[in-house]
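Residue numbers (the working numbering), protein chains in the order written: chain A, 587 to 652; chain B, 661 to 881; chain C, 51 to 305.
C-beta: ideal position from N, C-alpha, C; glycine also.
Heads up: the structure comes next, in structure tokens.
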């Protein structure tokens, strides 16, 4: 059993190429997904807080464009 | 037609007044080419082998240098908006700009190229084809570059961004330009490469003014 | 067309579709990987290194698909002025760039054991490399303007110019490559691909496509929300006009 698991990981000697390929693909795709998800969450949060906050009166307003 | 001639005249007069710009482009071209013997060593055979490629790549970079200023001055002082309002279509204005750019950049490169080819010990058989290929290729470079210049108007870091946009689009012209010269040196036919360069030129003449005008309209909205 | 022009409509539809695309992606990719890694046989020529094919080929397909999608969105935006079209293009670009990078990287990792080299200036590799630069150029241009609307519009023009250029690049690089004949390249297609390999490959391809739509929807939604934020802030400034106090702080002049 352990023999075939070891054989699987060895990938016929090509492990050095196969696993980084699969790994890199996974990292990049998951990373992009996570980053996009985070961006959406953060934008939604900002919108929520803008809608919840009352119109500023005499408070410091940010002059920076979006 | 007279309106186009008017705009052309304006561009040429402006280019004439800034004659220094042409000189700078040629000086850059010469410098860039001269760097290579320092970089790869002065051995004549190696230089002859890479001559065509080096000349074309240097021509690409030199062409790109003049692109940033193409619309910038007019954009900043409002002349571009006035040009948009003339009865002449914006595409015509773009063509006038391209013509002026080529006269101040492409043509000087064309003149300087044979001298530099000699410095790089390029095989004599390639000289005429080099000039022909540059004659067909440099206007295409100006045309494609004009689209890039129009796109980056008003952006941050216009210059370096322009390079990033335009260089991948230059690659086909580069490939066939060098191929033509190498084919001539090798004694093969050059008709195909020159015809393709001509095709690129015609296609750019048809498409680029339209694309650049669209980009200018975006910039001025 | 106009039914879908409303951004809120898009928010509704994408909100409903998101869980489905997510689930489809996970299931399809898992199935594809399982079949590809555990059930499919090793290649009789390439041995176990053929496993890389199950990521390399789908990422390459997606690299091309994303650019076509990007250019199509740009065209819709420029011709029909569909309000979401430019945002669609902007959202697709980073996904396409990632897939292209993966295609290049996995191809390189596959090429080393098979061809003996990490890189080869063959037509396909070179044109994919240029495609990568086109993606980067688009992303750089779109983000180079303070006004995001201007950025996406300029980007759409660039996307179409690039799209015209992609076949030209492919053709010219092909020519260039055949003229300066490089070292001989092993052909990848031994026997015609067997079903046991084809099925996981297709599963991965479809799975990556649903992944694309998953991430694309998230990104378009983000763009729509960002637009609402900007509109909100503009209204805020209009409603509560600001001026600058003596020390340089911006203060509301109301109340």
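With its beta carbon less than 8 Å from one in chain B, residue 187 of chain C belongs to the interface. Proximity of chain B to residue 214 of chain C at the Cβ level (cut-off 8 Å) is accounted for by 867, in chain order. For residue 782 of chain B, no alpha helix (DSSP H) run applies, since DSSP gives it neither H nor E. DSSP, read as helix, strand or coil, puts residue 812 of chain B in coil. Between residue 590 of chain A and chain C, the shortest Cβ-Cβ separation is not below 8 Å.
Note that the C-beta distance between residue 798 of chain B and residue 758 of chain B is not below 8 Å. Pairing residue 193 of chain C with residue 201 of chain C, the inter-Cα distance amounts to about 6 Å. Taking one beta carbon from each stretch, the segment 140-153 of chain C and the segment 110-120 of chain C have 3 or more pairs nearer than 8 Å; the two touch. Residue 603 of chain A places its beta carbon less than 8 Å from that of residue 160 of chain C. For residue 190 of chain C, the closest Cβ of chain B is nearer than 8 Å. With a contact defined as Cβ atoms closer than 8 Å, residue 826 of chain B and residue 724 of chain B qualify at about 6 Å.
Excluding its 5 nearest sequence neighbours in each direction, residue 880 of chain B has C-beta neighbours in its own chain below 7 Å: 740, 741 and 744, listed in chain order. For the segment 614-640 of chain A, the set of residues with a beta-carbon nearer than 8 Å to any beta-carbon of chain C comprises 614, 615, 618, 619, 622, 623, 625, 626, 629, 630, 632, 633, 636 and 637, in chain order. With respect to the C-alpha of residue 857 of chain B, the residue from B/672, B/843 and B/834 having the closest C-alpha is B/834. A distance below 7 Å between beta-carbons, with the five flanking residues on each side excluded, links residue 91 of chain C to the following residues of its chain, in chain order: 246.
One thing to note: residue 704 of chain B has its Cβ no nearer than 8 Å to the Cβ of residue 219 of chain C.
Assigned with DSSP and collapsed to three states, residue 297 of chain C falls in coil, not helix or strand. Nearest to residue 164 of chain C by alpha-carbon distance, out of C/97, C/58, C/188 and C/251, is C/97. For residue 196 of chain C, the three-state secondary structure derived from DSSP is coil. Listed as beta-bridge partners of residue 97 of chain C by DSSP are C/93. Taken in chain order, the members of the segment 88-100 of chain C whose beta-carbon sits within less than 7 Å of a beta-carbon on chain A are 92, 97, 98 and 99. Contact check for residue 269 of chain C against residue 607 of chain A fails: the beta carbons are separated by 8 Å or more.
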